[in-house]
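Residue numbers (our numbering): 1 to 727.
Note that the Cβ used here is the ideal one computed from N, Cα and C, for glycine as well.
This is the structure we're talking about:
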């Protein structure tokens with residue numbers, strides 16, 4: 001034996017005389033992972049599984065109730081030498097099989113052993129439920145009878161041809177949706193913001209997820225598996241159906257296991273395709289249209305983002321595990337991280353990694369780090385979301401989950417430091433190292449100042465901006481400029497024709513000439529009274545002629561000042577009939593620009609604290625995200641307002657500001673925003689020029705005085721809960 005795998009164990013005397021045997025109902029199937037043979041041991045009564053390599057399988061195969069553990073271990077040593085399990089590994093193997101209800105031993109009466117194991121399993125399950133309160137499970141019934149009835153119906157299409165037909169249908173549904181993509185995206189805010197539709201959304205979610213779980217169960221049943229449990233999982237306190245299809249773990253073919261894992265998503269995406277066709281062929285605003293729309297998102301977006309995500313223990317995780325041929329991927333990745341920590345931080349010798357294969361080690365390391373980071377991200381994001389909607393429940397959820405996910409492991413870590421025998425020779429050093437890491441981490445986040453960055457969205461605006469409108473009715477005959485072109489003050493934009501205006505102008509002007517002739521005749525005849533009456537009528541008609549001449553001149557629409565044509569292409573109006581007051585376009589002076597940023601109520605206080613004039617600001621145009629342009633904050637409007645300066649800042653325009661669901665203009669925010677004005681100040685010689693155009697979105701980063709990270713986090717937490725509780 002190598003020095004890193006000690007052959008003997010001080011606890012061997014407790015098990016050496018045991019005469020264990022496998023329970024008669026235990027099933028063993030053979031599987032291949034990365035070219036190596038493994039055996040899966042299954043207890044059908046409890047749906048428990050355990051994976052054995054060939055040597056461990058042979059070791060367990062000698063459990064006949066007659067041989068002692070000592071005899072079995074010596075046989076294994078004679079056959080396999082250094083590859084045989086050590087005494088500690090043999091003890092661990094026996095313990096795991098025994099606690100999984102796969103092994104019987106004559107150390108005590110059978111009934112007492114079974115009850116003890118039952119109590120242990122119940123305690124372990126209850127502990128797991130408490131730890132995973134975000135994913136709490138409640139068993140409802142055994143779905144075997146339902147699946148036995150429905151599986152023959154689907155059996156003819158549960159093959160490669162059925163999969164090809166399914167893929168063709170999904171592609172067809174996507175092709176039908178693509179032309180309506182804009183309408184599909186824009187409708188989300190309206191539907192999910194309407195409280196009257198929320199009960200229907202809940203029903204759609206539960207039904208589609210029940211179909212999803214039926215897909216797992218039907219395919220598992222198709223390949224001979226048993227599905228003993230259907231229930232509801234409180235996914236972040238929201239009911240979501242689930243089935244126990246873990247029988248697939250014992251399937252010899254990895255493709256069958258992958259099919260069971262993907263079955264739910266296959267069924268659900270088919271539902272999404274049907275819902276897409278219903279949505280496209282029903283009237284907008286109708287109830288069936290809303291239900292179909294909700295089913296599209298629930299059965300496609302949610303299943304791709306959550307079920308297909310391999311960093312969570314949902315379908316994508318098990319599919320990835322089988323594709324990589326690395327069973328127990330998450331557990332082994334966590335064990336590898338623990339092994340690295342023990343070996344390189346505490347210097348523990350003899351601790352074996354979960355694998356010696358270099359390829360597996362790399363995969364486990366990358367997966368373990370990614371899953372750990374995602375777990376923290378998931379905890380923070382879900383907790384903040386729930387606290388934003390239901391603060392009290394979110395706070396309880398945060399405290400409980402933080403305790404179970406973080407504080408409980410810390411307690412286990414402390415217990416391991418204090419009691420584990422591998423640290424017996426250098427426990428003081430291990431404790432000192434641990435304390436140094438803890439205090440070093442606290443000093444890093446609580447004492448060392450770090451840059452405090454805050455972010456906001458903005459939009460480029462012109463200080464000189466004018467709308468151009470039609471000043472008379474008429475037909476648009478010609479366009480002299482197109483959108484994006486530069487015009488000078490007075491340049492023609494459009495030319496209109498108005499036969500009615502021309503005819504009226506000619507009539508009034510002709511009548512004016514007649515009255516002038518009549519006035520001259522009256523004055524020549526010394527009819528002074530009659531001449532005075534005619535002169536008054538002439539004055540009235542002259543004003544009408546002047547008014548109509550102005551109207552004729554306004555048939556040529558001109559630029560009010562120099563700038564660039566934006567918002568609408570004048571050329572698109574050619575041939576249309578225009579009404580007086582109708583908008584043509586806007587003329588923006590793109591040489592005199594500023595940036596308008598929006599801050600929500602939680603972040604509106606820090607600019608005043610940070611001295612607005614001394615605030616360091618950096619901004620990036622979305623069109624040139626690689627270039628950072630300095631800016632100077634000039635003014636902060638100290639009153640919140642719901643009117644957005646530009647539609648580009650709202651959800652519909654691609655921005656991050658939530659708009660009012662009842663507003664169709666996209667310019668009304670659902671919550672008050674505080675406006676800050678900034679001026680771009682590109683520095684000479686750095687090669688960066690300001691090329692922003694009016695209406696373009698900007699990402700801004702503000703740098704406040706440096707503070708420790710802990711102070712920054714507490715400040716953000718305080719602002720988040722402000723207004724929800726008395727703080």
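### Task
For residue 444, count neighbouring Cβ atoms within 10 angstroms of its own Cβ and tell me buried if that reaches 16, exposed if not.
Along the chain shown, one-based indexing puts residue 444 at 444. Classification of residue 444: exposed, given that the 10 Å Cβ count is below 16.
### Task
Measure the CB-CB distance between residue 622 and residue 504 and report whether it falls below 9 Å.
Indexing the chain shown from 1 puts residue 622 at position 622. Indexing the chain shown from 1 puts residue 504 at position 504. When the beta-carbon positions are compared, residue 622 and residue 504 stay at least 9 Å from each other.
### Query
So what does DSSP say about residue 462, is it helix, strand or coil?
Counted from its first residue, the chain shown places residue 462 at position 462. In the structure shown, residue 462 adopts extended strand secondary structure according to DSSP, grouped into three states.
### Query
What are the start and end residues of the alpha helix (DSSP H) that includes residue 550?
For the purposes of this step, residue 550 is identified with residue 550 of the chain shown, where counting begins at 1. Per DSSP, residue 550 belongs to the alpha helix (DSSP H) from 528 to 553.
### Message
Starting from residue 102, trace the alpha helix (DSSP H) in both directions and tell me its first and last residue.
### Response
One-based indexing of the chain shown puts residue 102 at position 102. No alpha helix (DSSP H) contains residue 102, which DSSP labels as neither H nor E.
### Query
Going by C-alpha distance, which of 591, 343, 454, 174 is nearest residue 705?
For the purposes of this step, residue 705 is taken as residue 705 along the chain shown, with counting starting at 1. Taking only the C-alpha atoms, the option nearest residue 705 is 454.
### Query
Among 465, 467, 488, 494, which one has its Cα closest to the Cα of residue 477?
Taking the chain shown and counting its residues from 1, one reaches residue 477 at position 477. For residue 477, the nearest C-alpha among the options comes from 494.
### Query
Run through DSSP, which three-state label would residue 568 get?
If you number the chain shown from 1, residue 568 lands on position 568. Residue 568 falls in the coil class under three-state DSSP.
### Query
Are three or more beta carbon pairs between the stretch 207 to 218 and the stretch 241 to 259 nearer than 8 Å?
Output reads yes: the stretch 241 to 259 touches the stretch 207 to 218.
### Query
Do we get a CB-CB distance below 9 Å when we pair residue 440 with the residues of chain C?
Absent here is chain C; the protein component of the structure consists of one chain.
### Query
Alpha carbon to alpha carbon, what distance is there between residue 16 and residue 109?
In the chain shown, counting from the first residue as 1, residue 109 sits at position 109. In the chain shown, counting from the first residue as 1, residue 16 sits at position 16. Per-residue confidence for residue 109 stands at a pLDDT of 43, beneath the threshold of 50, marking its modelled position as unreliable; the derived number appears in the next sentence. Cα to Cα, the separation comes out at about 19 Å.
### Task
Give the secondary structure of residue 196 by DSSP, where H, G and I count as helix, E and B as strand, and everything else as coil.
Taking the first residue of the chain shown as 1, we reach residue 196 at position 196. Secondary structure at residue 196: helix, using DSSP grouped into helix, strand and coil.
### Message
Quick check: residue 230 and residue 139, are their CB atoms within less than 9 Å of each other?
### Response
Stepping through the chain shown from its first residue, residue 230 is reached at position 230. Stepping through the chain shown from its first residue, residue 139 is reached at position 139. Result yes, Cβ atoms of residue 230 and residue 139 sit closer than 9 Å.
### Alpha carbon of residue 543 to alpha carbon of residue 520, nearest angstrom
In the chain shown, counting from the first residue as 1, residue 543 sits at position 543. In the chain shown, counting from the first residue as 1, residue 520 sits at position 520. The C-alpha of residue 543 lies about 20 Å from the C-alpha of residue 520.
### Query
Taking DSSP as the reference, what is the three-state secondary structure of residue 582?
Against the chain shown, residue 582 aligns to sequence position 582. If DSSP states are grouped into helix, strand and coil, residue 582 belongs with coil.
### Query
DSSP three-state call for residue 157: helix, strand or coil?
The count along the chain shown starts at 1 and reaches residue 157 at position 157. When DSSP states are grouped into helix, strand and coil, residue 157 belongs to the helix group.
### Inter-residue Cα distance where the pair is residue 711 and residue 366
Here residue 711 is taken as the residue at index 711 of the chain shown, counted from 1. Here residue 366 is taken as the residue at index 366 of the chain shown, counted from 1. A direct Cα-Cα distance of roughly 31 Å separates residue 711 from residue 366.
### Task
Below 8 Å CB to CB, which residues in the same chain sit around residue 85 once its five sequence neighbours on both sides are set aside?
To locate residue 85, count along the chain shown from 1; it is residue 85. These residues qualify, in order along the chain: 55, 56, 59, 73, 76, 93.
### Query
Can you tell me where the beta strand (DSSP E) with residue 697 in it begins and where it stops?
As a working note, residue 697 is residue 697 in the chain shown. Residue range 697 to 707 is occupied by the beta strand (DSSP E) that includes residue 697.
### Message
If I follow the unbroken alpha helix (DSSP H) through residue 34, where does it start and stop?
### Response
As a position in the chain shown, residue 34 is number 34, starting the count at 1. Boundaries cannot be given for residue 34, as no alpha helix (DSSP H) includes it and DSSP labels it neither H nor E.
#### Entry: Cα-Cα separation, residue 20 to residue 66
Translated into positions along the chain shown, residue 20 becomes position 20. Translated into positions along the chain shown, residue 66 becomes position 66. Per the coordinates, the alpha-carbon of residue 20 lies some 8 Å from the alpha-carbon of residue 66.
### Message
Between the stretch 257 to 276 and the stretch 297 to 313, can you find at least three pairs of beta-carbon atoms closer than 8 Å?
### Response
With a cut-off of 8 Å, the stretch 257 to 276 and the stretch 297 to 313 count as touching, because enough Cβ pairs lie within range.
### Task
Could you have a look at residue 446 and say whether DSSP puts it in helix, strand or coil?
Locating residue 446 in the chain shown gives position 446, counting from the first residue. In the structure shown, residue 446 sits in a helix (DSSP, three-state: H, G or I).
### Query
Taking the beta strand (DSSP E) that residue 618 falls in, what are its first and last residues?
The residue labelled residue 618 in the question sits at position 618 within the chain shown. Run containing residue 618: 616 to 621, per the beta strand (DSSP E) assignment.
### Task
Determine, using beta carbons only, whether residue 501 and residue 573 come nearer to each other than 9 Å.
Locating residue 501 in the chain shown gives position 501, where the first residue counts as 1. Locating residue 573 in the chain shown gives position 573, where the first residue counts as 1. In this structure, residue 573 does not lie closer than 9 Å to residue 501 by Cβ.
### Message
Taking the straight line between their C-alpha atoms, what separation do you get for residue 155 and residue 232?
### Response
Position 155 of the chain shown, counted from the start, is the residue given in the question as residue 155. Position 232 of the chain shown, counted from the start, is the residue given in the question as residue 232. Cα to Cα, residue 155 sits roughly 26 Å from residue 232.
### Query
Given residue 440, which residues of its chain have a CB within under 8 Å of its CB, disregarding the five upstream and five downstream residues?
Numbered from its first residue, the chain shown carries residue 440 at position 440. Counting only Cβ-Cβ distances below 8 Å, and skipping sequence neighbours, we find nothing.
### Query
With C-beta atoms as the reference, is residue 678 less than 9 Å away from residue 642?
Start at 1 with the first residue of the chain shown, and residue 678 comes out as number 678. Start at 1 with the first residue of the chain shown, and residue 642 comes out as number 642. Residue 678 places its beta carbon 9 Å or farther from that of residue 642.
### Task
For residue 472, count neighbouring C-beta atoms within 10 Å of its own C-beta (all shown protein chains included) and say buried if the count is 16 or more, exposed if not.
Within the chain shown, the letter at position 472 stands for residue 472. With at least 16 other beta carbons inside 10 angstroms of its own, residue 472 counts as buried.
### Task
Per DSSP, which residues does residue 27 bridge with? Please list them.
Numbered from its first residue, the chain shown carries residue 27 at position 27. Its beta-bridge partners are 42.
### Message
For the beta strand (DSSP E) containing residue 598, name the first residue and the last one.
### Response
Locating residue 598 in the chain shown gives position 598, counting from the first residue. It spans 593 to 599 - the beta strand (DSSP E) in which residue 598 sits, taken as one unbroken run.
### Task
Check whether the Cβ atoms of residue 177 and residue 291 lie closer than 9 Å to each other.
Sequence index remark: in the chain shown, residue 177 carries index 177 (1-based). Sequence index remark: in the chain shown, residue 291 carries index 291 (1-based). Not closer than 9 Å, so no.
### Query
Is residue 632 helix, strand or coil by DSSP?
As a first step, residue 632 must be located in the chain shown, where it is residue number 632. Strand, per DSSP.
### Message
If the criterion is Cβ atoms closer than 9 Å, does the pair residue 450 and residue 616 meet it?
### Response
For this step, residue 450 is matched to residue 450 along the chain shown. For this step, residue 616 is matched to residue 616 along the chain shown. Their beta carbons are not under 9 Å apart, which means residue 450 does not touch residue 616 by this criterion.
#### Entry: DSSP bridge partner residues for residue 472 (one or two, in chain order)
Numbered from its first residue, the chain shown carries residue 472 at position 472. Residue 472 pairs with nothing; no bridge assigned.
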